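Residue numbers (this note's numbering), protein chains in the order written: chain A, 31 to 301; chain B, 212 to 302. The beta-carbon is built from N, C-alpha and C at its ideal position, and this holds for glycine as well. Every value quoted in this text rests on a predicted model; they were computed, and no experiment measured them.
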Amino acid sequence: MSECIVVTSGKGGVGKTTTSANLGVALAMQGATVAVVDADIGLRNLDVILGLENRIVYDLVHVIEGECRLKQALIRDKRVEGLFLLPAAQTRDKNAVTPQQMRELVEKLKAEFDYVLVDCPAGIEQGFKNAVAGADRAVIVTTPEVSAIRDADRIIGMVEAAELPEPNLIINRYRAKMVNRGDMMNKEDILEILAIPLLGIVPDHEDIIISANRGVPAVFDESSVVGEAFRRIGRRLGGEPNVPEMDFSEGSGVWGVMKRWMGFGAAQGVA
Amino acid sequence: MNTLINKLLNRNNASSKEDAKSRLKVLLIHDQVDLTPAQLDAMQEEITAVIQKYVEIDRDNSVVRLERGDDRIALISSVPVRRVIERALPA
Numbered sequence: 031m032s033e034c035i036v037v038t039s040g041k042g043g044v045g046k047t048t049t050s051a052n053l054g055v056a057l058a059m060q061g062a063t064v065a066v067v068d069a070d071i072g073l074r075n076l077d078v079i080l081g082l083e084n085r086i087v088y089d090l091v092h093v094i095e096g097e098c099r100l101k102q103a104l105i106r107d108k109r110v111e112g113l114f115l116l117p118a119a120q121t122r123d124k125n126a127v128t129p130q131q132m133r134e135l136v137e138k139l140k141a142e143f144d145y146v147l148v149d150c151p152a153g154i155e156q157g158f159k160n161a162v163a164g165a166d167r168a169v170i171v172t173t174p175e176v177s178a179i180r181d182a183d184r185i186i187g188m189v190e191a192a193e194l195p196e197p198n199l200i201i202n203r204y205r206a207k208m209v210n211r212g213d214m215m216n217k218e219d220i221l222e223i224l225a226i227p228l229l230g231i232v233p234d235h236e237d238i239i240i241s242a243n244r245g246v247p248a249v250f251d252e253s254s255v256v257g258e259a260f261r262r263i264g265r266r267l268g269g270e271p272n273v274p275e276m277d278f279s280e281g282s283g284v285w286g287v288m289k290r291w292m293g294f295g296a297a298q299g300v301a
Numbered sequence: 212m213n214t215l216i217n218k219l220l221n222r223n224n225a226s227s228k229e230d231a232k233s234r235l236k237v238l239l240i241h242d243q244v245d246l247t248p249a250q251l252d253a254m255q256e257e258i259t260a261v262i263q264k265y266v267e268i269d270r271d272n273s274v275v276r277l278e279r280g281d282d283r284i285a286l287i288s289s290v291p292v293r294r295v296i297e298r299a300l301p302a
């Protein structure tokens with residue numbers, strides 16, 4: 031019983047590709063077989079986040095146009111058993127692929143893998159339509175900002191219009207310190223507005239820049255808080271809905287208040 | 212140092228997240244109904260003009276706004292009435 035999950039957001043730059051890469055690794059670490067598909071044709075980046083950019087020979091458009099077999103285009107990630115990347119074409123554009131072709135491609139992948147994770151491009155045009163075409167469900171990534179949440183709301187409507195089930199939400203770049211002083215919308219504020227179930231929260235942390243620099247997703251790093259957040263989300267996605275959320279709070283007791291006054295955060299490293 | 216003093220004296224400005232939330236709520240409604248704030252103002256003007264044919268109202272304290280419920284958008288209007296204009300009859 032395999033499943034295709036599209037990772038989408040509407041707005042660019044909220045962390046779709048980082049989320050796709052980390053969840054792909056997390057699911058593979060749990061023992062699943064996973065294909066991560068970069069659907070951002072013309073602006074591929076999932077290969078870079080995964081550190082697999084030097085191993086690309088064929089891409090998604092080559093497969094669709096019959097220039098190679100699907101297996102030839104899939105890049106095996108040697109760091110974890112069961113993880114494969116299907117890269118996007120860099121020199122073509124979104125109109126090189128139709129939703130019907132994507133649907134057929136996803137069906138072929140689902141025959142081989144437990145999970146097919148599709149990294150959706152930003153926007154609501156052809157690229158989005160292609161990315162959701164073969165999906166069984168969607169995960170929406172947002173950040174606690176007005177613009178990102180506005181676009182997420184729009185995308186939730188479009189996911190429903192595409193007749194996918196109710197999507198789940200990932201809140202990325204969460205800053206506990208700012209939330210505590212009332213300068214960032216908290217989990218409840220965001221869920222009240224978007225009204226879809228929460229899959230998890232990812233703290234804003236410099237780990238993610240370092241992991242992108244190196245091409246090693248944070249999930250590989252046992253000590254990374256971002257990695258831990260994605261490992262938990264991966265488990266919830268993989269069928270353990272009750273994995274607890276990480277504690278981002280700074281404490282509400284006297285010591286917590288003191289620390290907040292002094293400008294120290296208890297959630298270590300969370301910016 | 213200034214920020215520390217401000218924090219100790221709890222001299223915070225109103226939290227900016229409330230601004231974010233209220234702006235978002237208005238934005239999402241306008242995105243959904245495709246009605247600009249200017250159009251909403253124009254509608255309020257017209258509605259008020261009609262009401263004023265029948266009752267005298269407190270215009271300064273009148274509000275017309277859109278609110279998003281679970282599955283629909285409602286037009287919420289609060290118009291304080293000062294007195295009924297007795298001779299008013301439908302045209």
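Residue range 248-263 is occupied by the alpha helix (DSSP H) that includes B/Leu251.
The C-beta distance from A/Ile154 to A/Arg184 rounds to 7 angstroms, short enough to meet the 8 angstroms contact threshold.
Runs of the beta strand (DSSP E) lying entirely within the segment 120-207 of chain A, each at least 3 residues long, are 145-149, 167-172, 198-204 in chain order. In terms of Cα proximity to A/Ile240, the closest of A/Val37, A/Asp251, A/Arg262 is A/Asp251.
Around the beta carbon of A/Thr38, 16 or more other beta carbons lie within 10 angstroms, which makes this residue buried. For B/Arg276, the beta-bridge partners assigned by DSSP are B/Ile287.
For B/Leu238, the nearest beta carbon of chain A is closer than 7 angstroms to its own beta carbon. By the Cβ-count criterion, A/Cys34 is buried, with 16 or more other Cβ atoms from all chains shown falling within 10 Å of its own Cβ. Listed by position along chain B, the residues whose Cβ is nearer than 7 angstroms to that of A/Asp219 are Lys228, Lys232. When C-beta distances to chain A are compared with 7 angstroms, the residues of the segment 237-263 of chain B below that value are Leu238, Leu239, Asp242, in chain order. Look at B/Leu286: its C-beta is not under 7 angstroms from any C-beta on chain A.
Between A/Asp149 and A/Val67, the beta carbon gap of about 7 angstroms places them in contact (Cβ cut-off 8 angstroms). Around the CB of B/Ala231, 16 or more other CB atoms lie within 10 Å, so the residue is classed as buried. Scanning A/Lys138, A/Val249, A/Pro117, A/Glu270 for the CA closest to the CA of A/Leu104 turns up A/Pro117. At least one CB of chain B lies nearer than 7 angstroms to the CB of A/Arg180. Taking 7 angstroms as the cut-off, the beta carbon of B/Ser289 is found no closer than this to the beta carbon of B/Val266. Here A/Asn160 is near A/Ala69, since their CB atoms are less than 7 angstroms apart.
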